[in-house]
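Structure first, then comments.
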C-alpha cells in the first residue's frame, strides 16, 4: 500500500449546510459552509471530533483567551491551517513505511489478528471460543478501507479498555467519558467553530517545543511496560498535547496482504482493503494524566485523578453538576472551566455533548451520548445557585431508595426502576433549574421552587407505586370481595402510606 498523508488527502466525511456529503482534508475544516462531520458510526464521529480538536490544539493553539476570541470573531483561513498542520506532516503519515500514524515504531512480528478486532464492539477471544457472540457476530467485518482503518485505530487507542494481560488502557482509562462544549442544537454554526469551542489556550510549559515523540509516541520506539520494570509515562515525561495522541496499544497494520473490493464498514470501493494486523502487549502505560476533554474525580486514597467512565444506564441529570462545575469529588473537563470565562455573547446558548462506551472489562456493553445544559451563572463566585441545585440533586438521590423499597414489597423491583426514575424526572428537573436561575436576584422567591421540586418527586414516586400495585396489569380485581384479595389491597395501601411517611422524613431543605 502506498503511504497516505492524513493532511493532504481528502478522507474525512463531512455534511454541508445544503445537505450534501463529501470528504475533506483536515485544513478544509475552515470552510464556513461545512455543518458537521458525517461519520456513520457514533464512536467514529466522537473520535473524529477529538482527532481534529487535537490537531488544532497541537499546531494552532491560541496563546491566550484574547487570541482565541480573535479567531472566533474573525474566522480561520485554510492557508493558516495548511501552514500550521505542515509542522506535523511526518506524524500524519499512514501506511507501511514507519513512522506510521498510531502504530508501533518497531516491527512487531507478533500474532496476526483479524481487522475486525480493531472495532471496540467486536467479540473477544473468549466470546469466540465459548460461542457467545450472539449480538455482534464474528466475521461481520473482514476488510476495511484505509480511511476507516485510520479512524478505527484512533478510536481504539482513544477509548482502549482492558484487553487481557499487558494490553494497556487508554491515557484516560478504559471507556472515558468525553465532554465537548457545543453550540445550541438549532444554531447554524459551522464545523470549525464547534471544534474551536474545545481548543484551550496553552501556557509556555504546555506548548510543544518540538513535534517529536514527546507529542506523538509513534515517532520513536515505544516506552514499553513489561514486568518487572513496569514502566509508566507520567505527564511530566511528555508534552501536554500527547493527551490527544496517547498510544497504549502496540499495533502494526498488515499492508502487505491487502485486497480489493468494498469496505465492510463504509461500503466504498478500494483497491487497498486491510484485512489483518499484528499486536503485542505491554505498550505505553499512562499514569496521572488529565485530558482536557474529560471530567475527573480524585482517588480518595492516592489523590490521583481518575477520568469518569461510562456506566450502565448512561448519563442522567444526577451526573450533570459534576460535569459542568467543580465540587469536592468531581472536576469538569478543562475545556468546560475555560469556556465559563470566555467573553462570548450572553445571548448565545451552549450545551455539553457527553459520550463514551460503557465497558464490562473487555466487553463493550453500550455506547452512550447525552446533552447537558451549560449556564454562565455557574462561573459567578458570588452565586449560590450551584449549592441550591446540589440540594435538589441530593433530595433526588435520597428519594430513589424509598421508591425502590416500596416496589420491592410487591416484587416489582428491577434494574429498570433506577434508569426510568432518572430519565422520567429529568425534564421537570431542568424546568426547576431554569426557574431557579430566573430567580437568582430574588432569594425570597426560591423557597417555593425547592418545595415544588419536592412535591414533583413525591407525585412521581406515588404514581409509579400506584401503577405497579393497583393497576389491572399488576393485580386482578375480578374477585374484589375475596378475603385474600382485600387483605392484599390493605397491605399495598399500608405500604403506600409507608412510602409517603419515609419521603416526608427526608429533611434536606
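Residue numbers (our numbering): 19 to 527.
Virtual Cβ for every residue (Gly too), placed ideally from N, Cα, C.
Taking the alpha helix (DSSP H) that residue i belongs to, which residues open and close that run?
{"i": "residue 441", "result": "434 to 442"}
{"i": "residue 336", "result": "335 to 342"}
{"i": "residue 424", "result": "403 to 426"}
{"i": "residue 138", "result": "Residue 138 -> no alpha helix (DSSP H), and no H or E assigned at all."}
{"i": "residue 31", "result": "Element bounds for residue 31: not the alpha helix (DSSP H) but the beta strand (DSSP E), 30 to 34."}
{"i": "residue 5", "result": "Outside the displayed range of the chain (19 to 527) lies residue 5, so it cannot be described from this structure."}
{"i": "residue 166", "result": "164 to 177"}
{"i": "residue 40", "result": "Here residue 40 belongs to no alpha helix (DSSP H); instead the beta strand (DSSP E) covers 39 to 42."}
{"i": "residue 69", "result": "60 to 77"}
{"i": "residue 105", "result": "No alpha helix (DSSP H) contains residue 105, which DSSP labels as neither H nor E."}
{"i": "residue 238", "result": "Unbroken run through residue 238: none, as it is neither H nor E."}
{"i": "residue 90", "result": "83 to 92"}
{"i": "residue 211", "result": "209 to 214"}
May I ask which residues mark the beginning and end of the beta strand (DSSP E) holding residue i?
{"i": "residue 314", "result": "314 to 316"}
{"i": "residue 374", "result": "368 to 378"}
{"i": "residue 54", "result": "52 to 55"}
{"i": "residue 388", "result": "381 to 392"}
{"i": "residue 291", "result": "287 to 291"}
{"i": "residue 326", "result": "No beta strand (DSSP E) holds residue 326; DSSP gives it neither H nor E."}
{"i": "residue 201", "result": "196 to 201"}
Return the CA-CA distance between residue i and residue j, expressed in angstroms with no decimal places.
{"i": "residue 147", "j": "residue 210", "result": "Caution applies to residue 147, whose pLDDT of 49 falls short of 50 and renders its modelled position unreliable; the value that the coordinates give is listed next. Roughly 45 Å between the two C-alpha positions."}
{"i": "residue 164", "j": "residue 424", "result": "55 Å"}
{"i": "residue 103", "j": "residue 41", "result": "18 Å"}
{"i": "residue 280", "j": "residue 166", "result": "12 Å"}
{"i": "residue 395", "j": "residue 192", "result": "33 Å"}
{"i": "residue 212", "j": "residue 372", "result": "14 Å"}
{"i": "residue 498", "j": "residue 507", "result": "Note that residue 498 has pLDDT 47, beneath the 50 cutoff, so the model's placement of it is unreliable and the number below is only indicative. Computed Cα separation, rounded: 9 Å."}
{"i": "residue 126", "j": "residue 289", "result": "25 Å"}
{"i": "residue 90", "j": "residue 226", "result": "23 Å"}
{"i": "residue 150", "j": "residue 407", "result": "With a pLDDT of only 41 at residue 150, under 50, the local geometry of the prediction cannot be trusted, and the value read off the model is given with reservation. Roughly 45 Å between the two C-alpha positions."}
{"i": "residue 160", "j": "residue 474", "result": "52 Å"}
{"i": "residue 492", "j": "residue 485", "result": "With a pLDDT of only 46 at residue 492, under 50, the local geometry of the prediction cannot be trusted, and no value is derived from it."}
{"i": "residue 489", "j": "residue 204", "result": "41 Å"}
{"i": "residue 63", "j": "residue 387", "result": "11 Å"}
{"i": "residue 495", "j": "residue 428", "result": "Caution is warranted here: a pLDDT of 41 is assigned to residue 495, below 50, making its placement in the model unreliable, and no coordinate value can be reported."}
{"i": "residue 173", "j": "residue 61", "result": "7 Å"}
{"i": "residue 324", "j": "residue 413", "result": "26 Å"}
{"i": "residue 286", "j": "residue 275", "result": "19 Å"}
{"i": "residue 189", "j": "residue 250", "result": "11 Å"}
{"i": "residue 332", "j": "residue 320", "result": "27 Å"}
{"i": "residue 528", "j": "residue 381", "result": "Coverage of the chain is limited to positions 19 through 527, which leaves residue 528 absent and any answer about it impossible."}
Please report the Cβ distance between residue i and residue j, rounded to the nearest whole angstrom; I am assuming they are in contact, meaning their Cβ atoms lie under 8 Å.
{"i": "residue 258", "j": "residue 338", "result": "Residue 258 to residue 338, Cβ: 28 Å. No contact."}
{"i": "residue 83", "j": "residue 360", "result": "6 Å"}
{"i": "residue 308", "j": "residue 348", "result": "Actually they do not touch by this definition, with Cβ atoms about 13 Å apart."}
{"i": "residue 517", "j": "residue 483", "result": "6 Å"}
{"i": "residue 171", "j": "residue 120", "result": "5 Å"}
{"i": "residue 78", "j": "residue 99", "result": "6 Å"}
{"i": "residue 229", "j": "residue 356", "result": "Not confirmed; about 23 Å, so no contact."}
{"i": "residue 179", "j": "residue 379", "result": "7 Å"}
{"i": "residue 449", "j": "residue 457", "result": "Going by Cβ atoms, the distance from residue 449 to residue 457 rounds to 13 Å, so no, they are not a contact pair."}
{"i": "residue 43", "j": "residue 70", "result": "In fact, because the Cβ distance is near 11 Å, the residues do not count as touching under 8 Å."}
Are residue i and residue j touching if we call contact CB-CB under 8 Å?
{"i": "residue 194", "j": "residue 374", "result": "yes"}
{"i": "residue 370", "j": "residue 197", "result": "yes"}
{"i": "residue 304", "j": "residue 244", "result": "no"}
{"i": "residue 48", "j": "residue 87", "result": "no"}
{"i": "residue 266", "j": "residue 302", "result": "yes"}
{"i": "residue 273", "j": "residue 114", "result": "yes"}
{"i": "residue 216", "j": "residue 353", "result": "yes"}
{"i": "residue 68", "j": "residue 311", "result": "yes"}
{"i": "residue 138", "j": "residue 283", "result": "no"}
{"i": "residue 543", "j": "residue 453", "result": "The structure shown does not extend to residue 543, since the chain is modelled only from 19 through 527, so no value can be given for it."}
{"i": "residue 296", "j": "residue 128", "result": "yes"}
{"i": "residue 262", "j": "residue 76", "result": "yes"}
{"i": "residue 31", "j": "residue 56", "result": "yes"}
{"i": "residue 133", "j": "residue 368", "result": "no"}
{"i": "residue 201", "j": "residue 52", "result": "no"}
{"i": "residue 294", "j": "residue 131", "result": "yes"}
{"i": "residue 123", "j": "residue 298", "result": "no"}
{"i": "residue 81", "j": "residue 206", "result": "no"}
{"i": "residue 409", "j": "residue 237", "result": "no"}
Can you pull the DSSP bridge partners for residue i?
{"i": "residue 296", "result": "130 and 270"}
{"i": "residue 111", "result": "23"}
{"i": "residue 280", "result": "287"}
{"i": "residue 348", "result": "315"}
{"i": "residue 251", "result": "304"}
Is any heavy atom in the ligand SAM found nearer than 7 Å to the beta carbon of residue i?
{"i": "residue 124", "result": "For the structure depicted, the ligand SAM is absent and the ligand set is empty, with no information on it obtainable."}
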